[in-house]
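Participant: Going by my numbering, the final residue of the sequence shown carries number 548, and the count climbs one at a time with no gaps. Here a beta-carbon is modelled for each residue, glycine too, at the ideal position from N, C-alpha and C.
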Amino acid sequence: MVLALPESAFGTFDTGDTAFMILCAALVLLMTPGLAFFYGGLARGKSVLNMMMMSFGSLATVSVIYVLWGFSMSFSDGITGDSDIAGIFANPFSLFGSGQLTDTAGDNVVTGGLSIPSIVFLGFQLTFAVITVALISGALAERVKFSTWLVFTVLWTTIVYFPLAHMVWGGGIMSKNEDGFAAWIFGTEDVDGVAVAKVAPIDFAGGTVVHINAGIAALVLVLIIGKRAGFGRTAYRPHNIPFVMLGAALLWFGWFGFNAGSELAADMTAGLVWVNTTAATAAAIIGWLAVEIIRDKHATSVGAASGIVAGLVAITPACGALTPVGSLILGLIAGVLAALAIGLKNKFGYDDSLDVVGVHFVAGLWGTVGIGFLAKDTGLFWGGDYKQLVVQCVIAAFAVAFTAALTAIIAFALKPLGWRVSDEDEKRGIDETQHAETAYEPA
Numbered sequence: 106m107v108l109a110l111p112e113s114a115f116g117t118f119d120t121g122d123t124a125f126m127i128l129c130a131a132l133v134l135l136m137t138p139g140l141a142f143f144y145g146g147l148a149r150g151k152s153v154l155n156m157m158m159m160s161f162g163s164l165a166t167v168s169v170i171y172v173l174w175g176f177s178m179s180f181s182d183g184i185t186g187d188s189d190i191a192g193i194f195a196n197p198f199s200l201f202g203s204g205q206l207t208d209t210a211g212d213n214v215v216t217g218g219l220s221i222p223s224i225v226f227l228g229f230q231l232t233f234a235v236i237t238v239a240l241i242s243g244a245l246a247e248r249v250k251f252s253t254w255l256v257f258t259v260l261w262t263t264i265v266y267f268p269l270a271h272m273v274w275g276g277g278i279m280s281k282n283e284d285g286f287a288a289w290i291f292g293t294e295d296v297d298g299v300a301v302a303k304v305a306p307i308d309f310a311g312g313t314v315v316h317i318n319a320g321i322a323a324l325v326l327v328l329i330i331g332k333r334a335g336f337g338r339t340a341y342r343p344h345n346i347p348f349v350m351l352g353a354a355l356l357w358f359g360w361f362g363f364n365a366g367s368e369l370a371a372d373m374t375a376g377l378v379w380v381n382t383t384a385a386t387a388a389a390i391i392g393w394l395a396v397e398i399i400r401d402k403h404a405t406s407v408g409a410a411s412g413i414v415a416g417l418v419a420i421t422p423a424c425g426a427l428t429p430v431g432s433l434i435l436g437l438i439a440g441v442l443a444a445l446a447i448g449l450k451n452k453f454g455y456d457d458s459l460d461v462v463g464v465h466f467v468a469g470l471w472g473t474v475g476i477g478f479l480a481k482d483t484g485l486f487w488g489g490d491y492k493q494l495v496v497q498c499v500i501a502a503f504a505v506a507f508t509a510a511l512t513a514i515i516a517f518a519l520k521p522l523g524w525r526v527s528d529e530d531e532k533r534g535i536d537e538t539q540h541a542e543t544a545y546e547p548a
């Protein structure tokens, strides 16, 4: 994802790219209801509504704050020319409410010589923020107060997500800018009169910003909030596997908007991204099912759905930098790693209810670091150079540390508000106690 604003581009935009980006934004928006079905199906019958409401609640709260200050914190300096704050976040008040973006056609996001109005870019980026925080909810199934969750979505998105989006995509310290990490490591070069890192970090559509971010936040929260009352003694089985498959299908469909849309133009790179996304996802299904067959002697539909998500997660940061063959390799390894990683919660005793850590953190980390091995021009195997791998490891490590520290602070700060429902309410069912509803009438 590239944000550039040459002065000569103001006042122009491409209607084809604009239409493409509006469609991609709608596809990504669909992913959050898709996630609700995916997580809802994996949950038990007495907690399915709460699980789905956590996704829809995120859709409500994050959409509001993104329009008010989220877009400004992430990208306003590239549009207004204001300085950011230490390369970490932009001024939240520069475009507060984003009203300036609708005054004229002059504020544009430009890539590859083609442009889209900034208000369209805002809509596209809003959907990314929504689903990132919704992803975290899967780790907290069946035990968290809905009201505390809503407060968390506002705080976490503001304190963690918006700054990280700025650092990676908005020209901050994890970008290719001369003040970023990559420039400090391997120096800069002059490109069209601008000093940029010789080896630029690659995060095309959100390996650090979305998946490492959500995955490590989920791990921190489950360690602080604690396990479900029956963890280790109760068998937690998906209550509706067709919901899981439906959710996975909607996620895969929407993910084409997620990845291809991050090119910000309807061009050849967007086409490559589409193919790479499909290739990696298909290979990840095979990798996950291979583990199941070898380990459990069965290939499950839940495994196939989980493999879909693992492949989509892994290819997200890499989809514009790999060949289709490289994408197949990346996806296959992602499926294997994620299938093995979901068992870590039993080994180490943390209650990641729906395997957010095992899938999103592990596959997202592999996708980000795997670029260093498989990138078609700069990777260790394709390009014969170690430098891209070093840069990818640095940005992944920084994202882990940044998110873990700030998420812990937010989690502890919300403890007086109360994270957990009572043991009795948890036993009775969080749908009934938190929402006064049940998904299914008793037989």
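Between the alpha carbons of A365 and T374, how many angstroms are there, rounded?
Facilitator: Taking the sequence shown and counting its residues from 1, one reaches residue 365 at position 260. Taking the sequence shown and counting its residues from 1, one reaches residue 374 at position 269. Using only the alpha carbons, I get a separation of about 8 Å.
Participant: Who are D295's beta bridge partners in DSSP?
Facilitator: Taking the sequence shown and counting its residues from 1, the one referred to as residue 295 is at position 190. In DSSP, D295 forms a bridge with A300.
Participant: Over what stretch of residues does the alpha helix (DSSP H) that includes T262 continue unbroken?
Facilitator: Counted from its first residue, the sequence shown places residue 262 at position 157. Here T262 belongs to no alpha helix (DSSP H), and DSSP marks it neither H nor E.
Participant: Please state the DSSP three-state secondary structure of S242.
Facilitator: For this step, residue 242 is matched to residue 137 along the sequence shown. Here S242 sits in helix by DSSP.
Participant: Going straight from the alpha carbon of I391 to that of G472, what length do you get?
Facilitator: As a position in the sequence shown, residue 391 is number 286, starting the count at 1. As a position in the sequence shown, residue 472 is number 367, starting the count at 1. Looking at the two C-alpha atoms, the distance is approximately 17 Å.
Participant: Below 8 Å on the Cβ atoms is my guess for I447 versus E247; work out the distance and round it to an integer in Å.
Facilitator: Along the sequence shown, read from residue 1 onward, the residue named residue 447 stands at position 342. Along the sequence shown, read from residue 1 onward, the residue named residue 247 stands at position 142. I447 to E247, Cβ: 17 Å. No contact.
Participant: Can you check which of these residues, M158, L132, G359, F286, is closest to V273 by C-alpha distance?
Facilitator: Numbered from 1 along the sequence shown, position 168 holds the residue referred to as residue 273. Per the Cα distances, F286.
Participant: Count the other CB atoms within 10 Å of the CB of H465; is the residue buried (16 or more) or exposed (fewer)?
Facilitator: Numbered from 1 along the sequence shown, position 360 holds the residue referred to as residue 465. By the neighbour-count rule (16 or more Cβ atoms within 10 Å), H465 is buried.
Participant: Could you give the DSSP three-state label for S188: helix, strand or coil?
Facilitator: Indexing the sequence shown from 1 puts residue 188 at position 83. Looking at S188 - three-state DSSP - the assignment turns out to be coil, as it is neither helix nor strand.
Participant: Count the C-beta pairs between the region 478-490 and the region 511-523 that are closer than 8 Å, then say yes if the count reaches three, no if not.
Facilitator: They do not touch, by the three-pair rule.
Participant: Counting pairs of Cβ atoms below 8 Å between the region 119-131 and the region 334-345, do you hit three or more?
Facilitator: The region 119-131, when compared against the region 334-345, does not touch it at the 8 Å Cβ threshold.
Participant: Here's the rule I'm using: 16 or more other beta-carbon atoms within 10 Å means buried, otherwise exposed. How should R149 be labelled?
Facilitator: What you label residue 149 is simply residue 44 of the sequence shown in a count that begins at 1. Under this definition R149 is a buried residue.
Participant: State the DSSP-derived secondary structure class of F251, mapped to helix, strand or coil.
Facilitator: For this step, residue 251 is matched to residue 146 along the sequence shown. Correct three-state label for F251: helix.
Participant: Which first and last residues belong to the alpha helix (DSSP H) in which V412 is found?
Facilitator: By 1-based counting over the sequence shown, the position of residue 412 is 307. Note that residue 412 is Gly in the sequence shown here, rather than Val. Looking at the DSSP string, the run of the alpha helix (DSSP H) that includes G412 is 406-423.
Participant: According to DSSP, is R525 part of a helix, a strand, or is it coil?
Facilitator: Numbered from 1 along the sequence shown, position 420 holds the residue referred to as residue 525. Reduced to three states, the DSSP call for R525 is strand.
Participant: Could you compute how far the alpha carbon of V325 sits from the alpha carbon of A319?
Facilitator: Numbered from its first residue, the sequence shown carries residue 325 at position 220. Numbered from its first residue, the sequence shown carries residue 319 at position 214. V325 and A319: Cα-Cα distance of roughly 10 Å.
Participant: Helix, strand or coil for F125? Go by DSSP, reduced to three states.
Facilitator: Position 20 of the sequence shown, counted from the first residue, corresponds to residue 125. Reduced to three states, the DSSP call for F125 is helix.
Participant: Extract the residue ranges of the alpha helix (DSSP H) inside the region 141-171, only unbroken runs of 4 or more that lie entirely within it.
Facilitator: Complete alpha helix (DSSP H) runs here, min 4: 153-170.
Participant: Could you spell out where the alpha helix (DSSP H) holding T313 opens and where it closes?
Facilitator: Position 208 of the sequence shown, counting from 1, holds the residue named residue 313. Looking at the DSSP string, T313 is not in any alpha helix (DSSP H), and its letter there is neither H nor E.
Participant: For S280, list the residues DSSP reports as bridge partners.
Facilitator: Walking along the sequence shown from the start, residue 280 turns up at place 175. In the DSSP output, where bridge partners are listed per residue, S280 has none listed.
Participant: Which of the three DSSP states, helix, strand or coil, is assigned to F361?
Facilitator: By one-based count along the sequence shown, residue 361 stands at place 256. Three-state result, F361: helix.
Participant: Grab me the residues of L433's own chain with a C-beta within less than 6 Å of its C-beta, minus the 5 sequence neighbours each way, in chain order.
Facilitator: Looking up residue 433 in the sequence shown gives position 328. Correct list, in chain order: A384, A388.
Participant: Please confirm whether E531 and L154 have their CB atoms less than 9 Å apart.
Facilitator: Working through the sequence shown from its first residue, we reach residue 531 at position 426. Working through the sequence shown from its first residue, we reach residue 154 at position 49. Contact flag unset, no.
Participant: Which value, in whole angstroms, describes the spacing of the CA atoms of V259 and W393?
Facilitator: Here the question's residue 259 lines up with position 154 in the sequence shown. Here the question's residue 393 lines up with position 288 in the sequence shown. Each residue's Cα considered, the two are about 34 Å apart.
Participant: Put T216 into one of helix, strand or coil per three-state DSSP.
Facilitator: Numbered from its first residue, the sequence shown carries residue 216 at position 111. Residue confidence for T216 is low, a pLDDT of 47 falling below 50, so the modelled location carries little weight and cannot support an answer.
Participant: Considering only C-alpha positions, which residue in the set T263, S181, L200, D187 is nearest to V167?
Facilitator: Taking the sequence shown and counting its residues from 1, the one referred to as residue 167 is at position 62. Considering only alpha carbons, the answer is T263.
Participant: By Cβ distance, which residues of its chain are closer than 6 Å to S160, with the 5 residues on each side in sequence left out?
Facilitator: By 1-based counting over the sequence shown, the position of residue 160 is 55. Closer than 6 Å at Cβ, skipping near neighbours: T137, L140, A141, A239.
Participant: Below 8 Å, how does it come out for the region 450-467 and the region 301-314: are there three or more Cβ pairs, yes or no?
Facilitator: Contact fails: fewer than three Cβ-Cβ distances are below 8 Å.
Participant: Considering only their Cβ atoms, is the gap separating L435 from I420 smaller than 9 Å?
Facilitator: To locate residue 420, count along the sequence shown from 1; it is residue 315. To locate residue 435, count along the sequence shown from 1; it is residue 330. Yes, the Cβ-Cβ distance between I420 and L435 is below 9 Å.
Participant: Could you give the DSSP three-state label for F486: helix, strand or coil?
Facilitator: Indexing the sequence shown from 1 puts residue 486 at position 381. F486: coil per DSSP, three-state reduction.
Participant: Taking DSSP as the reference, what is the three-state secondary structure of I307?
Facilitator: Along the sequence shown, one-based indexing puts residue 307 at 202. I307 falls in the coil class under three-state DSSP.
Participant: From A195, A506, V526, L173, pick the residue whose C-alpha is nearest to that of S203; which is it?
Facilitator: Here residue 203 refers to the residue found at position 98 when the sequence shown is read from its first residue. Minimum Cα distance to S203 is reached at L173.
Participant: Considering only their Cβ atoms, is the gap separating V418 from V143 smaller than 9 Å?
Facilitator: Residue 143 sits at position 38 when you count from the first residue of the sequence shown. Residue 418 sits at position 313 when you count from the first residue of the sequence shown. One detail in the question is off: residue 143 reads as Phe in this sequence, not Val. No. Outside cutoff.
Participant: Look up F198 in the DSSP assignment and say whether it is helix, strand or coil.
Facilitator: One-based indexing of the sequence shown puts residue 198 at position 93. Coil at F198, not helix or strand.
Participant: Applying the 10 Å Cβ sphere with the 16-neighbour rule, what's the burial state of S252?
Facilitator: Within the sequence shown, the letter at position 147 stands for residue 252. Looking at its Cβ environment, which holds fewer than 16 other Cβ atoms inside 10 Å, S252 is exposed.
Participant: Taking Cβ positions, are A554 and G352 nearer each other than 9 Å?
Facilitator: As displayed, the chain neither begins before 106 nor continues past 548, which places residue 554 out of reach and without an answer.
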